[in-house]
Ligand SMILES: [Zn+2]
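Numbering (my numbering), first residue to last: 100 to 479.
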């Protein structure tokens, strides 16, 4: 089983790969590899594909193995305080049948919210030609991954304590895996995005809320019961501003959209209620000095939290998701410059900060990836 995980991980890391190369990577012999991959081929998880033609003439090139496009798909669900999305994901990383439903008020009764989640999940499942392998749910809330429940959703408190995985399992009769939204982003990055092949990196999500996930020494790190990654509520100022979580001085109070919009209004920028990194950087390009100052303060406030992560765990590579990506390279570079300034210089420590996708694709892929890792007993 562990070997099967190594083989699947190697395929995600390397792309289509021959049996011989897989054997080398997994540190096993050809017979063992055949024993691992043949059941996966028989179950249509893997297929042999056409080799890339070598320019040199000679022996017949080995046929590489890759994920079968007709393998059973996985249902990926993304639950945020304002909306729920569901889709089908193929094991080779294609997203199909995405649909989205806006959620009713997160302070109201929980019944209509759960009905909306089931409805959008069902619409995705109904599009599956083959029975899906399971349902992966990424939730923008504090979660208990052991129980598959939502602990606290600050912006939709009706869902606090809700055992969502058990409810979806009962409704659809499929395995369900529930995890923190930033961890789904990280899984999406690791398997299908910029984290492919990386031994360690962090995914950071910014926007209405802040959160993060860590891939350390070749493993996704969750903390006890999935309690890790609540970066938005790490403290950046003792006795600072009151946070929506009830504590004071959280990173969330200085580096989310609500801070940006409030400050945009305070300095007199146009349409402050709609402000985001994209609009802000357009104003900077147009030569507005107030926007330039605000963009730099925002970049610095985001960098403060990343610098704390770097000092604690040193993942070194950061993939940023969410609204900062809308600010393009100048915003990402401004954040990187502040992080490097805030972290003491150390030879050989080159902190890299890059942009993931601003949209929800990575989270949907990652939500599905949570199920796949479970089924294949991978570390991620
Ligand atoms: Zn807080």
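Glycine included, every Cβ here is placed at the ideal spot set by N, Cα and C.
Just list the residues that DSSP pairs residue i with in beta bridges.
i           : result
residue 313 : 301 and 320
residue 242 : 249
residue 416 : 451
residue 186 : 175
residue 59  : Any answer about residue 59 is impossible in this case: the structure gives the chain only from 100 up to 479.
residue 199 : 184
residue 349 : 334
Could you have a look at residue i and say whether DSSP puts it in helix, strand or coil?
i           : result
residue 56  : No statement about residue 56 is possible, as the shown extent of the chain runs from 100 to 479 and does not include it.
residue 473 : helix
residue 286 : helix
residue 102 : helix
residue 368 : coil
residue 270 : helix
residue 148 : coil
residue 479 : Note that residue 479 has pLDDT 48, beneath the 50 cutoff, so the model's placement of it is unreliable and no number is given.
residue 481 : The requested residue 481 does not occur in the structure, where the chain is confined to residues 100 to 479.
residue 141 : helix
residue 341 : strand
Rank the options by C-alpha distance to the C-alpha of residue i and give the top, closest one.
i           : options               : result
residue 473 : 219, 346, 245 and 148 : 245
residue 217 : 373, 176 and 381      : 176
residue 377 : 431, 172, 179 and 436 : 431
residue 462 : 219, 282 and 439      : 282
residue 415 : 388, 446 and 391      : 446
residue 448 : 455, 439 and 456      : 439
residue 253 : 186, 315, 323 and 181 : 181
residue 206 : 259, 197, 130 and 306 : 259
residue 309 : 339, 353, 117 and 211 : 353
residue 324 : 250, 388, 213 and 296 : 250
Does ligand 1 have even one heavy atom less than 7 Å from the beta-carbon of residue i?
i           : result
residue 306 : no
residue 103 : no
residue 349 : yes
residue 346 : yes
residue 186 : no
Taking CB distances under 8 Å as the criterion, tell me whether residue i reaches chain C.
i           : result
residue 458 : You won't find chain C in this structure, because it holds only one protein chain.
Could you tell me if residue i is buried or exposed, where buried requires 16 or more neighbouring beta carbons within 10 angstroms of its beta carbon?
i           : result
residue 293 : buried
residue 398 : buried
residue 369 : exposed
residue 151 : exposed
residue 132 : buried
residue 451 : exposed
residue 341 : exposed
Shorter than 7 Å, the distance from the beta carbon of residue i to the closest heavy atom of ligand 2, or not?
i           : result
residue 332 : Ligand 2 is absent from the structure shown, which contains only ligand 1.
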